[in-house]
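Read the structure below first, then the notes.
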Amino acid sequence: MPRTARSTRGERTHVPRSHSSLLTSPPLITAVLAYPNDQTAVLLREYIERDLKQQWGAAGFAAAALLRLAPTNPQEVRAGALPPVSSEDLELVDKLVLFGRLLQSA
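At position 26 of the sequence shown the residue is numbered 253 (the working numbering), and the sequence of numbers has no breaks.
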């Protein structure tokens, strides 16, 4: 069930509490990055944890989004709290964020 949040501009956004497939993960995470708020990093961490338990396969993408949102705590990385992030995950996040910004400016 989505949670309602407010973006940094005060707009209402629907942030996914969880979702069950890799297919929906990139668009939803892109939307979350387009309108981040004080809960965005928390929600991404929750998604990563659930993704790893359910083996959906998008934890690396979500972790790449988290890395782009805010630098991670070195202890978090050393402790293995984040899954490995591939260069493809980072590249896809960057492309989708750019696409989201283009949509916002249209």
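For each residue, glycine too, the CB sits at the ideal point set by N, CA and C.
(request) Report back the beta-carbon spacing between residue 275 and residue 310 to the nearest angstrom; my notes put them in contact at under 8 Å. (result) As a working mapping, residue 275 is identified with position 48 in the sequence shown. As a working mapping, residue 310 is identified with position 83 in the sequence shown. Contact between residue 275 and residue 310 is confirmed by a C-beta separation of about 7 Å, below the 8 Å threshold.
(message) Ignoring anything shorter than 4 residues, give me the alpha helix (DSSP H) runs that lie fully in the region 253-324, in order along the chain.
(response) If we require 4 residues or more, the alpha helix (DSSP H) runs fully inside the region 253-324 come out as 267-281, 286-296, 301-305.
(message) Quick check: residue 260 and residue 292, are their CB atoms within less than 7 Å of each other?
(response) For the purposes of this step, residue 260 is identified with residue 33 of the sequence shown, where counting begins at 1. For the purposes of this step, residue 292 is identified with residue 65 of the sequence shown, where counting begins at 1. Taking 7 Å as the Cβ cut-off, residue 260 and residue 292 qualify as a contacting pair.
(message) If the criterion is Cβ atoms closer than 7 Å, does the pair residue 286 and residue 278 meet it?
(response) Against the sequence shown, residue 286 aligns to sequence position 59. Against the sequence shown, residue 278 aligns to sequence position 51. Yes; because the gap between Cβ atoms is below 7 Å, this pair is in contact.
(request) Give me the Cα-Cα distance between residue 323 and residue 269, rounded to the nearest whole angstrom. (result) Here residue 323 refers to the residue found at position 96 when the sequence shown is read from its first residue. Here residue 269 refers to the residue found at position 42 when the sequence shown is read from its first residue. Taking C-alpha positions only, residue 323 is separated from residue 269 by approximately 20 Å.
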